[in-house]
Amino acid sequence: MSESPTFDHGKVTVIYVLGGPGAGKGTQCANLVKDFGFCHLSALPAGDLLRAEQNREGSQFGSLIQTCIKEGTIVPMEVTIKLLDNAMQAAMAENRLGDGWQDGRGRFLIDGFPRKMDQAVKFDETVCLSSVVLYFSTTEEVLLERLLVRGKTSGREDDNVESIKKRFRTYKLDTMPVIEYYTSQGKVAEVDSTGTVEEVHALAAQVVRDALTGKYSQSPN
Ligand code: C5P
Ligand code: MG
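Counting from 1, one number per residue, gives the positions in the sequence shown under the numbering used here.
This is how it looks when you write it as structure tokens:
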């Protein structure tokens, strides 16, 4: 039996944001928030939400999450989806201003999610059907270089060569199938993220404009 989703995708727009570690997901999402008034679950991205939960006193998932992040593996979807669902409900209850938030509507960029097929299917089914996957692609060389630069100041325990290699492996194994799955549904917009922040932003903004005007929305059948 299928559960009905928490949010109606006719009112609530969900854009998944994927790309290898270091692809620029967080940076680009922050800029898209300014243009389009999204709630970025990445001002708390999925990774940041998990890190916040990890640090919450009394969290039952703390050490599990910590191990996954260090090992570059995927946190079980029940945990991640619950955190995202809660964060979305909180954002909807805030009565945000702006066009995208009137009359029960909302718009969300979910950064670094879904990283694995089970999360993708479950979120679409139980939280909100997504409209498009904004996919930032570039080479592993570019990703590695960016992550090592970021690692000098990020304080993230996964921005080191050993964790990075594991994250690349997890990405290929678990996340590429998600991108292939949505590609087969015509729901992936690939943006080359090798360029400057501004160049990538121009490409990403066009994808968002298209998504908000219904280019990727599926017919009911
Ligand atoms: O997206 P970000 O690179 O910040 O994610 C960091 C780590 O958080 C990932 O390597 C993974 O261990 C965990 N994560 C996850 N499931 C997600 C997003 C992140 O397990 N959907
Ligand atoms: Mg990030």
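All residues carry an ideal CB built from backbone N, CA and C; glycine is no exception.
Cβ-heavy atom distance, residue i to ligand 4, below 7 Å
i, result
"N86", "Inclusion of ligand 4 in the displayed structure is not the case, the ligand content consisting of ligand 1 and ligand 2 alone."
Buried versus exposed call for residue i [16 or more other C-beta atoms within 10 Å across all chains shown]
i, result
"S4", "exposed"
"P177", "exposed"
"A189", "buried"
"H201", "buried"
"G10", "exposed"
"A120", "buried"
"D159", "buried"
"D111", "buried"
"T13", "buried"
Nearest-angstrom Cβ-Cβ length linking residue i and residue j, presumed shorter than 8 Å
i, j, result
"T213", "D85", "Going by Cβ atoms, the distance from T213 to D85 rounds to 27 Å, so no, they are not a contact pair."
"I15", "A211", "6 Å"
"K116", "D35", "The Cβ separation is near 29 Å, so there is no contact."
"A91", "C29", "No, A91 and C29 are not in contact; Cβ-Cβ is about 14 Å, not under 8 Å."
"F113", "T67", "At roughly 19 Å, the Cβ-Cβ gap does not stay under 8 Å, so F113 and T67 are not in contact."
"L83", "L109", "At roughly 15 Å, the Cβ-Cβ gap does not stay under 8 Å, so L83 and L109 are not in contact."
"S131", "S217", "6 Å"
"M77", "K122", "6 Å"
Any chain D beta carbon closer than 8 Å to residue i
i, result
"E199", "Annotation note: the requested chain D is absent from the structure, which comprises a single protein chain."
Does the count of Cβ pairs from the segment 19-26 and the segment 136-148 closer than 8 Å reach three? yes
For this session: Report yes or no: do the segment 87-100 and the segment 141-155 share at least 3 C-beta pairs separated by less than 8 Å?
Result: no
### Task
Could you tell me whether the segment 163-183 touches the segment 70-80, using the rule of 3 or more Cβ pairs below 8 Å?
yes
Any alpha helix (DSSP H) of 4 or more consecutive residues that is wholly inside the segment 60-114: 62-71 and 77-93
query: Can we say the segment 102-113 touches the segment 56-67, given the rule of at least three CB pairs closer than 8 Å?
result: No contact exists between the segment 102-113 and the segment 56-67.
Counting only runs of 3+ residues fully inside the segment 124-164, write out the beta strand (DSSP E) ranges in chain order. 132-137
Threshold first: 3 residues or longer. Then list the beta strand (DSSP E) segments lying entirely within the segment 165-192, N to C. 188-192
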